[in-house]
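The opening residue of the sequence shown carries number 177 in the numbering used here; numbering runs sequentially from there.
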Amino acid sequence: MPDARATEVPTLTKAELAEMLFDQVGLNKRESKDMVEAFFDVIREALEQGDSVKLSGFGNFQLRDKPQRPGRNPKTGEVIPITARRVVTFHASQKLKGLVEERAGIVG
Numbered sequence: 177m178p179d180a181r182a183t184e185v186p187t188l189t190k191a192e193l194a195e196m197l198f199d200q201v202g203l204n205k206r207e208s209k210d211m212v213e214a215f216f217d218v219i220r221e222a223l224e225q226g227d228s229v230k231l232s233g234f235g236n237f238q239l240r241d242k243p244q245r246p247g248r249n250p251k252t253g254e255v256i257p258i259t260a261r262r263v264v265t266f267h268a269s270q271k272l273k274g275l276v277e278e279r280a281g282i283v284g
């Protein structure tokens with residue numbers, strides 16, 4: 177039986193996004209790469225400043241504070257504290273969820 181972890185899941189990279197802008201929008205390769213980088217820089221900077229990012233029809237990036245909680249060392253069983261932290265969450269829009277479900281129905 178093949179190892180499920182060995183199965184490659186297709187992943188869209190920033191370089192591929194830039195290539196798509198080059199092909200579909202007509203920007204040159206440098207402009208395409210710069211536009212992709214600028215897009216992600218704007219999102220990253222907003223999140224660093226504590227802002228949420230809402231992309232209509234796509235979804236929302238939000239910050240969530242997670243309190244300290246008890247954890248356990250799996251080797252020793254010792255209880256250790258997991259420190260409080262701030263994490264980024266993504267919630268897909270209803271429109272995106274619907275499109276993904278629709279596509280899954282076609283493919284699956």
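Virtual Cβ for every residue (Gly too), placed ideally from N, Cα, C.
Since the model is a prediction, treat every value here as computed from it, not as a measurement.
{"query": "Beta bridge counterpart(s) of K242 as assigned by DSSP", "result": "R261"}
{"query": "Simplified DSSP state of G281, which is helix, strand or coil", "result": "helix"}
{"query": "Segment contact, 8 Å Cβ cut-off, at least three pairs: the region 218 to 238 with the region 260 to 269", "result": "yes"}
{"query": "Top-ranked residue by Cα proximity to L275, from R262, P246, I256, G233", "result": "G233"}
{"query": "Presumed contact (8 Å Cβ cut-off) between K256 and N249, rounded CB distance", "result": "For the record, residue 256 in the displayed sequence is Ile; it is not Lys. At roughly 6 Å, the Cβ-Cβ gap stays under 8 Å, so I256 and N249 are in contact."}
{"query": "Proximal residues to L193 (C-beta, below 7 Å), its chain only, five neighbours per side dropped", "result": "V212"}
{"query": "Collapsed DSSP secondary structure at V229 in the structure displayed", "result": "strand"}
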